[in-house]
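Engineer:
2 protein chains.
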Amino acid sequence: MNVRLRLRRNALSDPSNPADPTDPTLTSPGTARPEAVALPAPAATVTLTEVAAAAGVGESTASRVLRNHGSFSAATRERVLEAAARLGYVPNRIAGTLASAGSNLIGILIPSLTNIVFSDVLRGANAVIDAAGYQAVVGVTDYDPRREEALVTSMLAWRPAAMMLAGLEHSERTRLLLSASGARVAELLDLDGPGMDLVVGFSNEGTGEAAARHLLARGYRRIGYLGRDFARDIRAGKRYRGFVSTLAQAGLSLVDEEFLGSGSSVGAGRTGTQALLSRSPAIDALYFANDDMAIGGYFHCLASNIAVPERLALFGHNALDVGRFAPRPLSTVRTPRVSVGETGARLLLDGAPAQVVDLGFELIDGATS
Amino acid sequence: MNVRLRLRRNALSDPSNPADPTDPTLTSPGTARPEAVALPAPAATVTLTEVAAAAGVGESTASRVLRNHGSFSAATRERVLEAAARLGYVPNRIAGTLASAGSNLIGILIPSLTNIVFSDVLRGANAVIDAAGYQAVVGVTDYDPRREEALVTSMLAWRPAAMMLAGLEHSERTRLLLSASGARVAELLDLDGPGMDLVVGFSNEGTGEAAARHLLARGYRRIGYLGRDFARDIRAGKRYRGFVSTLAQAGLSLVDEEFLGSGSSVGAGRTGTQALLSRSPAIDALYFANDDMAIGGYFHCLASNIAVPERLALFGHNALDVGRFAPRPLSTVRTPRVSVGETGARLLLDGAPAQVVDLGFELIDGATS
DNA sequence: CTGAAAGCGCTAACAA
DNA sequence: TTGTTAGCGCTTTCAG
């Protein structure tokens, strides 16, 4: 069954999808606009001047009432509020911001929306930002420093109150733009390196070390790694480094490793595990770049009747729900993703001094190791 | 192991986290700002006037060059561009927008960031929006119409070029604000009801009907349902309606059903399946509100040695990767989430006439039914 | 091809 | 407590 692109040309002429006939937007189809930066001029909007006139007061008085700032009599207040409501006044923050300096916009740049890590961070940050009356402007960099730079440029054009970025690695120009803008900056999710201003996260190297220590303590000695290209995910590379260096301290090195390209993480985990196992059957434990891949590996084991962890131990990263509720809870590391977003946003809004905040992590001793 | 809240007070005094000593933002700690709407005034920024002066041309000429609009000599162009680069000029879009009317902001309101459905839509929309030189301002409504209304209000204050909302259900005032604003509106992910302007999605009732037809065709007759509160997820309710009405047409009704509260979807799926099965052991197939829950149910079956689909068939919704790569691929419905975001954004930017676009869905005949 | 001048809608002194 | 007056930084006529 495949019901694709059944496109009804106009809602108005389609009785099966009754549209509200009183809605003016439906009656004005608009024309094609190939050039992007020229959308319809908004319908004539009510301005503060009109509200003031309708209320019979001066502009500044109306402004004061509407912002509840400064002084005015109860009577004026009443009249202004009534007029604003009656006219359907929606303040123009663009004008407001220009006049007063300082927007309520906060720029957030994340590498990806596919990866739950970043949507969690975004969720945490947005909750705080929103509660404080600010608004999040989000950009997705696709793990590309040049896209990050471009997004920083265009966001800075909106004079955001602050900026939040993922990680500590940025182009020189990005750093320059940011520091020249005077906006506060929070760098999230990584502690392993120098930051610009606020740094909130946990040590990725640390999580790798912890994972290695855990597997070593459990007696595993023939360990493999399954991950992705580190150029794309720098923090996974830091975890790998921590993991490998801890193995080295125990006089060990990875038995085998596999780096897969793009595509589904779960799928990559499944096929990668199969590949590793057939290439290096002696492997007794696998460290994955993240839980998605680890779950894929777990699925391979289930499908191929490989005993976990007796024959093969699995260790992930992130503590996703799907691993937590698997028949055998996945051994992994819980990272404080939502708190990272929340804390970063809060410190920014509180005007906290430049500092590094380590939110730590927690090793989850599941049933797959 | 639990490494929590190790908070280093100041990056500058912490040798273990070497900060860039040349970065000025690090040397000015800033002071506490309890009142949110008063972040630091941005550092003195270069204005167009200064660029023009430095280049020895008039403001309007500089403006024309910088926007590459209107006419100017190659020589002037050179001088202006050089001056802008030298001074590190970052155009102020707030002023630009105020002067010219029409921002490049597009407001996107989604119910949740936890649910991959909405991050997929956001991802699709953002890709198009971004490529066209616009910027996404996102808000999360938490499935609450009043929060949606509040967010619409504050977004409209930024005079967005367009707005994108999830679903067709909105408060009367939300509708009013939107249509009064003159901004184009796209409602996403649902077709089952009247829309305001652009409507892009698929029929949720249709997916429910398809799921029911599929299970009936497979011979299942004792069917149960596992989901969440419909007040929260209206579209899940529509799927349920489609499902149940199709069963009714076959003279059947649900054997049992369970509605779980909040918390992990996978976890809810697992415990809910267990509950349903012990309460109504005769159930031979389970329809889930989404794949996360279905995977939870599948995990329960794996853990309890319940043969899938021989003893119990499972049917989900959304076609997530995790179901696709499970030992037995999950039977589900693939929804065009990313396309919904992309298409909505593109139609908005193209100034397409008000219409309903049905992107359809695809039933995935997996191995769990 | 270029510059002067008039706002965009609002806020912020400053008087009254 | 209220109104008047300058701008915020930019775009946009409209002359030159």
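Those protein sequence lines, which keep their order, are chains R and S. Each residue of the first sequence is one higher than the last, beginning at 1 in my numbering. Each residue of the second sequence is one higher than the last, beginning at 1001 in my numbering. Positions of the beta carbon are idealized from the N, C-alpha and C atoms, including for glycine.
1) Since Ala1303/S meets chain R, which of its residues come closer than 9 Å, beta carbon to beta carbon?
2) At least one CB of chain R closer than 9 Å to the CB of Thr1047/S: is that the case?
3) Taking buried to mean at least 16 other C-beta atoms within 10 Å of its own C-beta, is Asn1305/S buried or exposed?
4) Please compile the residues from chain R whose C-beta is within a distance smaller than 7 Å of the C-beta of Arg1232/S.
5) Taking CB distances under 9 Å as the criterion, tell me whether Met1181/S reaches chain R.
6) Helix, strand or coil for Ala250/R? Go by DSSP, reduced to three states.
7) Give a yes or no on contact between the segment 1312 to 1331 of chain S and the segment 1104 to 1111 of chain S, applying the rule of three or more CB pairs nearer than 8 Å.
8) If we ignore side chains and look at the alpha-carbon of each, how far apart do Ser1280/S and Asp1233/S end up?
9) In the DSSP output, which residue or residues are listed as bridge partners for Thr1332/S?
10) In chain S, what lies closer than 7 Å to Ser171/R by C-beta?
11) Measuring alpha carbon to alpha carbon, tell me which residue in Pro1111/S, Gly1088/S, Ala1275/S and Ala1166/S is nearest Gly182/R.
12) My understanding is that Pro204/R touches Arg228/R, with C-beta atoms under 8 Å, so please give their C-beta distance in whole angstroms.
13) Is Arg218/R close to chain S? Criterion is C-beta to C-beta, closer than 9 Å.
14) What is the DSSP secondary structure of Glu169/R, counted as helix, strand or coil?
15) Which residues of chain R have a Cβ atom closer than 8 Å to the Cβ of Thr1097/S, listed in chain order?
16) So, is Glu1310/S buried or exposed, given that buried needs 16 or more other C-beta atoms within 10 angstroms?
17) Return the residue from the list Arg1079/S, Ser1154/S and Leu1348/S that minimises the CA-CA distance to Val1357/S.
18) For Leu1189/S, which residues from the same chain have a beta carbon less than 7 Å from its beta carbon, with the 5 sequence-adjacent residues on both sides left out?
19) Whole-angstrom Cβ separation of Leu1215/S and Phe1315/S, contact assumed at under 8 Å?
20) Can you tell me where the beta strand (DSSP E) with Glu310/R in it begins and where it stops?
21) Can you find a C-beta in chain R that's less than 9 Å from the C-beta of Ala1319/S?
22) By DSSP, does Asn290/R sit in helix, in strand, or in coil?
23) Which residues, taken in chain order from the segment 1220 to 1252 of chain S, show a beta carbon closer than 7 Å to some beta carbon of chain R?
24) Cβ of Ala211/R within 9 Å of Cβ of Arg239/R?
25) Roughly how many angstroms separate the alpha carbons of Asn1126/S and Glu1342/S, rounded to a whole number?
26) May I have the straight-line CA-CA distance separating Asp1142/S from Gly351/R, to the nearest angstrom?
27) Please report whether the beta-carbon of Ser1071/S lies at a distance below 9 Å from any beta-carbon of chain R.
28) List the DSSP bridge partners of Gly1224/S.
29) Residues in the segment 1276 to 1293 of chain S with C-beta within 9 Å of chain R's C-beta atoms, listed in sequence order?
30) Where do the ends of the alpha helix (DSSP H) carrying Arg67/R lie?
31) Please confirm whether Val333/R and Ile283/R have their CB atoms less than 9 Å apart.
32) Could you have a look at Gly206/R and say whether DSSP puts it in helix, strand or coil?
33) If we call anything under 9 Å between Cβ atoms a contact, is Ala1053/S one with Thr1061/S?
34) Below 7 Å on C-beta distance, what does Pro309/R contact in chain S?
35) Could you tell me whether the Cβ atoms of Ala101/R and Tyr134/R are closer together than 9 Å?
36) Nearest-angstrom Cα distance between Thr1153/S and Glu78/R?
Structural biologist: In short:
1) For the purposes of this step, residue 1303/S is taken as residue 303 along the second sequence, with counting starting at 1. For the C-beta of Ala1303/S, the chain R residues within less than 9 Å are, from N- to C-terminus, Ala326, Pro327 and Arg328.
2) The sequence position of residue 1047/S within the second sequence is 47, counting from 1. False, the Cβ-Cβ gap to chain R never drops below 9 Å.
3) Counted from its first residue, the second sequence places residue 1305/S at position 305. Classification for Asn1305/S: exposed.
4) Against the second sequence, residue 1232/S aligns to sequence position 232. Result: empty, since nearest Cβ-Cβ is about 16 Å, beyond 7 Å.
5) As a position in the second sequence, residue 1181/S is number 181, starting the count at 1. The amino acid at residue 1181/S is misidentified as Met; the sequence shows Ser. Among the CB atoms of chain R, one or more fall inside 9 Å of the CB of Ser1181/S.
6) Indexing the first sequence from 1 puts residue 250/R at position 250. Reduced to three states, the DSSP call for Ala250/R is coil.
7) Taking 8 Å as the limit for Cβ pairs, the verdict is that the segment 1104 to 1111 of chain S does not touch the segment 1312 to 1331 of chain S.
8) For the purposes of this step, residue 1280/S is identified with residue 280 of the second sequence, where counting begins at 1. For the purposes of this step, residue 1233/S is identified with residue 233 of the second sequence, where counting begins at 1. When only Cα atoms are considered, Ser1280/S and Asp1233/S end up about 25 Å apart.
9) Sequence index remark: in the second sequence, residue 1332/S carries index 332 (1-based). According to DSSP, Thr1332/S bridges with Ile1364/S.
10) Position 171 of the first sequence, counted from the start, is the residue given in the question as residue 171/R. None at all; the shortest Cβ gap to chain S is about 14 Å.
11) For this step, residue 182/R is matched to residue 182 along the first sequence. Nearest C-alpha to Gly182/R: Gly1088/S.
12) Position 204 of the first sequence, counting from 1, holds the residue named residue 204/R. Position 228 of the first sequence, counting from 1, holds the residue named residue 228/R. One detail in the question is off: residue 204/R reads as Asn in this sequence, not Pro. Incorrect: roughly 14 Å between the Cβ atoms, too far for contact.
13) Taking the first sequence and counting its residues from 1, the one referred to as residue 218/R is at position 218. So, not an interface residue.
14) Sequence index remark: in the first sequence, residue 169/R carries index 169 (1-based). Coil, per DSSP.
15) To locate residue 1097/S, count along the second sequence from 1; it is residue 97. Correct list: Ile94.
16) Along the second sequence, one-based indexing puts residue 1310/S at 310. By the Cβ-count criterion, Glu1310/S is exposed, with fewer than 16 other Cβ atoms from all chains shown falling within 10 Å of its own Cβ.
17) Translated into the one-based positions of the second sequence, residue 1357/S becomes position 357. Its Cα nearest to that of Val1357/S, the residue Leu1348/S stands out among Arg1079/S, Ser1154/S and Leu1348/S.
18) For the purposes of this step, residue 1189/S is identified with residue 189 of the second sequence, where counting begins at 1. Closer than 7 Å at the Cβ level, and outside the excluded window around Leu1189/S, lie Val1121, Ala1166, Gly1167, Gly1201, Arg1235 and Val1340.
19) In the second sequence, residue 1215/S corresponds to position 215, counting from 1. In the second sequence, residue 1315/S corresponds to position 315, counting from 1. Indeed they touch by this definition, with Cβ atoms about 6 Å apart.
20) Your numbering for residue 310/R matches position 310 in the first sequence. From DSSP, Glu310/R is part of no beta strand (DSSP E); its letter is neither H nor E.
21) Start at 1 with the first residue of the second sequence, and residue 1319/S comes out as number 319. Taking Cβ atoms only, chain R never reaches closer than 9 Å to Ala1319/S, which makes this a no.
22) In the first sequence, residue 290/R corresponds to position 290, counting from 1. If DSSP states are grouped into helix, strand and coil, Asn290/R belongs with coil.
23) Against chain R - using a Cβ distance shorter than 7 Å - the segment 1220 to 1252 of chain S contributes no residues.
24) As a first step, residue 211/R must be located in the first sequence, where it is residue number 211. As a first step, residue 239/R must be located in the first sequence, where it is residue number 239. Contact flag set, yes.
25) Indexing the second sequence from 1 puts residue 1126/S at position 126. Indexing the second sequence from 1 puts residue 1342/S at position 342. Cα to Cα, Asn1126/S sits roughly 8 Å from Glu1342/S.
26) Residue numbering aside, residue 1142/S sits at position 142 when the second sequence is read from its first letter. Residue numbering aside, residue 351/R sits at position 351 when the first sequence is read from its first letter. Straight-line Cα distance between these residues: approximately 27 Å.
27) Residue 1071/S sits at position 71 when you count from the first residue of the second sequence. Ser1071/S has a beta carbon lying at 9 Å or more from every beta carbon in chain R.
28) Residue 1224/S sits at position 224 when you count from the first residue of the second sequence. Beta-bridge pairing links Gly1224/S to Asp1256/S and Leu1286/S.
29) Under the 9 Å Cβ criterion, the segment 1276 to 1293 of chain S contributes Asp1292.
30) In the first sequence, residue 67/R corresponds to position 67, counting from 1. Per DSSP, Arg67/R belongs to the alpha helix (DSSP H) from Glu59 to Arg67.
31) The residue you call residue 333/R lines up with position 333 of the first sequence. The residue you call residue 283/R lines up with position 283 of the first sequence. Judged by their CB atoms, Val333/R and Ile283/R are not nearer to each other than the 9 Å cut-off.
32) As a position in the first sequence, residue 206/R is number 206, starting the count at 1. Here DSSP, grouped into helix, strand and coil, assigns Gly206/R to helix.
33) Taking the first residue of the second sequence as position 1, residue 1053/S is located at position 53. Taking the first residue of the second sequence as position 1, residue 1061/S is located at position 61. Annotated as distal: Ala1053/S and Thr1061/S, with beta-carbon spacing of 9 Å or more.
34) As a working mapping, residue 309/R is identified with position 309 in the first sequence. Neighbours of Pro309/R on chain S: none; closest Cβ ~16 Å, over 7 Å.
35) The residue given as residue 101/R occupies position 101 in the first sequence. The residue given as residue 134/R occupies position 134 in the first sequence. No, Cβ-Cβ distance for Ala101/R and Tyr134/R is not below 9 Å.
36) Mapped onto the second sequence, residue 1153/S falls at position 153. Mapped onto the first sequence, residue 78/R falls at position 78. For Thr1153/S and Glu78/R, the distance between alpha carbons rounds to 21 Å.
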